[in-house]
Amino acid sequence: MSLFAGIFLQSSYLEAVACCFIGAFFGYLLCIWKDRFAKTDLITLEKEVKKKAQQEAETIIRDARLLANEESLKLRCEAEKFFSEQREQNAVTEKRLRERESLVNGQLENFVADEKKLRAKEEEYQKGLVALSDSRLEVTELRKEHRKKLEAVSKLTEEEARTIFLNDVQQEAMKDAAHLSHHILEDAKLKAEEKARRIISIAIQRYAGDHAFETSTSTVTLPNDEIKGRIIGREGRNIRAFEAATGITVLIDDTPNAVVLSGFDPVRREIAREAMERLILDGRIHPTRIEEIVTKVAQEMDETIVKKGEEAVMKVGLPPLHIEIMKTLGRLHFRHSFSQNILSHSVEVAQLMGLMAAELGIDGVSAKRAGLLHDIGKALDHEIEGPHAIIGGDFVKRYGEADNIVNGVASHHGEVPHEGVLGILVSAADAISASRPGARSETMMTYIRRVEDLEKIGLSYPGVEKCYSVHAGRELRVFVLPDKVSDEEALVMARGIARMVEEKLQYPGQIRVTVMRETRCVEFAK
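Note that the sequence shown covers residues 203 to 728 in my numbering.
Okay, here's the thing in structure tokens:
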């Protein structure tokens, strides 16, 4: 290029053009030469690439063949393993099928044998039916002959005898019906009278004025009659302060060495009695001291009430109840019904409820709770209007007791319909606790005498083997000799014993008479 530049600078224009053509020619030759060499190199490179590609393809094919051989071997092993497992399963299945087939064959043989036995029994049964039919015909003939003989002896036809017998049965049935209606009427009168007495007694107890001495008064013994003046105080200020603090009326009369405290609320009356005894022992009787003593005794009484409620819950074996329920329950310790302590009665009813619940297979805890709380309304019936059962049901419901327990408490006297079995069980347990010997006003001797008279009446009938009075004298069970007393005679005996009991004995409620006739067949295998 430097040569051409020099020529271009030193020569003329034509020379320069010639030089350019020459340079272009040589450049063209140079390009052709480079293209030829480049094609040669490209061919060589292409051969090398083809050779390498062929080698790599052969390597890939070889590796693919090896991998395919390995996969085929692996698949062959898996196939052989699968077929061997299938053969084993088929062998086990075939074995089970053979066992089932043998079992089915055995059962079929048993069925065939049973079918043969049944057919034989059916044949025997058919023979028995034929024999029974023959026997019935024979019995019918014998009955006809017997009736003819009876007609000849009695000189009455069958229709006449039947008419006479039906007239006798009708007369006896009419007599029993009249007696039953009379008994129902008398029982209704007794229940009405009892309910009237109960209503009157509740009304008297709930009235806060003067009422029955035995159930509403407490007597405090005095060391001497001089203390009466100190109890009254100057112009009666001490007695007025005492009555205002306790809510109890103090009766001071001519009774020597005694002061009577009158009031319906048994808890207040107990507080007044304890406060009066402490004031007499202390000797300082004036309004300020009276208020101090009464306040202190009231606090101690609250603690005692809670303690009594907790003890009752522990005796029954229940978990702790609501504190207000236990407080109200403890107040029943100071209440009595026909000489029976109501808290002790409630504990006894709860224990009976637990026993009956265990026999019936129901929840014993709920049964005990209903039994323990069934009379809790008696601690509130002087404050709230209504029967104590309904009052108690509303009270325990207010403090979270379950619906079945609430209904058991509210329905145990029938004021509320029973929604479950608890109300019925509470009624039964309440009656059992109240009617057991010594529970209430009836003396033990009266109870024993009634039981003895019941058993004597039962034993007075011929054919009676044993006689027992059970359920606190509310049921008489009579065991008769089966060879001397028939079923029909047992019915007549039960009716006769019931009539004799009604005529000769006086008793509350009703007495059930049960006549039992039992035949036992005993043999010994030697």
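The beta-carbon is built from N, C-alpha and C at its ideal position, and this holds for glycine as well.
A quick note: this is a predicted structure, and the numbers were derived from the prediction, not measured.
In terms of Cβ geometry, Thr-448 and Val-518 do not form a close pair [threshold 8 Å].
It is roughly 42 Å from the alpha-carbon of Leu-656 to the alpha-carbon of Asp-467. Contact holds between the segment 548-555 and the segment 566-584, because three or more Cβ pairs, one in each stretch, are under 8 Å apart. The shortest CA-to-CA distance from Lys-510 to any of Gly-485, Lys-529 and Leu-453 is the one to Lys-529. For Phe-597, there is no enclosing beta strand (DSSP E); the enclosing alpha helix (DSSP H) covers residues 590-600. Taking all protein chains in view, the Cβ of Asn-606 is crowded by 16 or more other Cβ atoms within 10 Å, so the residue is classified as buried. By the CB criterion at 8 Å, Ile-659 and Lys-706 fall inside the cutoff. The three-state secondary structure of Arg-679, taken from DSSP, is strand. If you look at Leu-453, you'll find it in the beta strand (DSSP E) that goes 451-453. Between Ser-671 and Val-653, the C-beta gap is smaller than 8 Å, which places the two residues in contact. Sequence-distant Cβ neighbours of Val-549 in its own chain, meaning closer than 8 Å and more than five residues away, are Ala-514, Lys-517, Val-518 and Leu-574.
Collapsing the DSSP output to three states places Glu-325 in a helix. Remark: C-beta atoms of His-620 and Ala-591 do not approach each other more closely than 8 Å. Where Leu-483 is concerned, the enclosing alpha helix (DSSP H) starts and stops at 468-484. Cβ atoms of Arg-475 and Leu-463 come within 8 Å of each other, at about 6 Å. According to the DSSP assignment, Thr-497 belongs to the alpha helix (DSSP H) that extends over 489-518. When the beta-carbon positions are compared, Ile-473 and Ala-443 stay at least 8 Å from each other. In this structure, DSSP gives Val-618 a state outside helix and strand, which the three-state scheme calls coil. Taking the Cα positions, Asp-577 is about 9 Å away from Gly-595. When C-alpha distances from Ser-613 are compared across Ser-539, Gly-435 and Pro-589, the shortest belongs to Pro-589. Rounded to the nearest angstrom, the gap between the Cα atoms of Leu-678 and Ile-626 is 23 Å.
Annotation: the continuous beta strand (DSSP E) that includes Lys-668 extends over 666-672.
Nearest neighbour of Arg-676 by Cα position, chosen from Leu-368, Glu-691, Pro-664 and Gln-708, turns out to be Gln-708.
In the DSSP assignment, Thr-716 falls within the beta strand (DSSP E) that extends over 714-719. In the three-state DSSP reduction, Thr-419 falls in the strand class (E or B). DSSP lists Thr-423 as the beta-bridge partner residues of Ala-460. Taken atom to atom, the span from the alpha-carbon of Gly-579 to that of Arg-537 is near 11 Å. Taking 4 residues as the shortest admissible run, the segment 518-580 contains the following complete alpha helix (DSSP H) segments, listed from N- to C-terminal end: 525-533, 544-562 and 566-575. In this structure, the alpha-carbon of His-535 lies about 10 Å from that of Gln-542. With respect to Leu-624, Ala-569 sits close: the two C-beta atoms are nearer than 8 Å. Here the alpha carbons of Gln-291 and Leu-299 stand approximately 12 Å from one another.
Shown here, Val-341 sits in a helix according to DSSP, grouped into three states. Under the three-state reduction of DSSP output, Ser-304 falls in the helix class. Separation of Pro-521 and Val-422 (C-alpha to C-alpha, rounded to the nearest whole angstrom) is 38 Å. Around the beta-carbon of Phe-228, fewer than 16 other beta-carbon atoms lie within 10 Å, marking it exposed.
For the pair Ile-564 and Gly-532, the CB atoms are not nearer than the 8 Å cut-off.
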